[in-house]
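Trainee: Each residue of the sequence shown is one higher than the one before, starting from 44 at the first, in our numbering.
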Amino acid sequence: MIGTIGIKDLEILCIIGIYPAEREHEQPLLLSLEAEYPFKAAAQTEDIQQTIDYAVIAQQLTDLAIEGKFQLIETLAERSAQYLLKTYPQIQRIILEIKKPKAIPSAAYPYVRIERFHHSY
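#1: For the pair the segment 97-109 and the segment 153-164, tell me if three or more CB-CB distances fall below 8 Å.
#2: Distance check for F82 and T94, CA to CA, integer angstroms please.
#3: Less than 9 Å separating the beta-carbons of Q114 and I59?
#4: Report the option in I134, P132, Q133, L139 whose CA atom is closest to the CA atom of S123.
#5: Mind checking which residues open and close the beta strand (DSSP E) that includes D52?
#6: List the DSSP bridge partners of E67.
#7: Would you kindly work out how many angstroms separate the C-alpha atoms of A98 and P148, rounded to a whole number?
#8: With DSSP as the reference, label K83 as helix, strand or coil.
#9: Note the first and the last residue of the continuous alpha helix (DSSP H) segment covering Y62.
#10: Once you ignore the five residues that flank R156 on each side, which residues in its own chain have a CB closer than 6 Å to its CB?
#11: Report all residues from its chain with a CB closer than 8 Å to the CB of E65; omit the five preceding and five following residues, and keep chain order.
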């Protein structure tokens, strides 16, 4: 039984961007994630040890963004996907979207969206 665990619009305040002002002040990102993996055992046992704890993933991705101080959201997306696929080998497919809502005043937000598979890493 393959299922999806997800996080929608996790707000992360971090240093991100290529411009000097972006390197000095934190700005918000909104990160969304879908991770497909087999969770039959968790569904049958209701044992958190048999699944992927989305609260833990949220903290791991927040830490990665804050510590990384990346210049591009593309880099953050790729590093996040790599980290999750290596840390959680049961994940078969991941879709990750990162929005940068304050980057373009006349737009809701620019974003990147990537899809990666476990066999890619």
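All C-beta atoms, glycine included, are put in the ideal place defined by N, C-alpha and C.
Mentor: Let me lay it out:
#1: no
#2: By one-based count along the sequence shown, residue 94 stands at place 51. By one-based count along the sequence shown, residue 82 stands at place 39. Near 6 Å, if we compare the C-alpha coordinates of F82 and T94.
#3: Stepping through the sequence shown from its first residue, residue 114 is reached at position 71. Stepping through the sequence shown from its first residue, residue 59 is reached at position 16. Yes; because the gap between Cβ atoms is below 9 Å, this pair is in contact.
#4: Working through the sequence shown from its first residue, we reach residue 123 at position 80. That would be L139, whose Cα lies nearest to the Cα of S123.
#5: Position 9 of the sequence shown, counting from 1, holds the residue named residue 52. D52 -> beta strand (DSSP E) spans 45-57.
#6: To locate residue 67, count along the sequence shown from 1; it is residue 24. The partner list for E67 (beta bridge, DSSP) is empty, contrary to what the question assumes.
#7: Against the sequence shown, residue 98 aligns to sequence position 55. Against the sequence shown, residue 148 aligns to sequence position 105. Straight-line Cα distance between these residues: approximately 31 Å.
#8: Counted from its first residue, the sequence shown places residue 83 at position 40. DSSP places K83 in helix when its eight states are reduced to three.
#9: Along the sequence shown, one-based indexing puts residue 62 at 19. Here Y62 belongs to no alpha helix (DSSP H), and DSSP marks it neither H nor E.
#10: Residue 156 sits at position 113 when you count from the first residue of the sequence shown. Taken in chain order, the residues that qualify are E140.
#11: On the sequence shown, residue 65 is found 22 positions in, with the first residue counted as 1. Closer than 8 Å at Cβ, skipping near neighbours: I58, I59.
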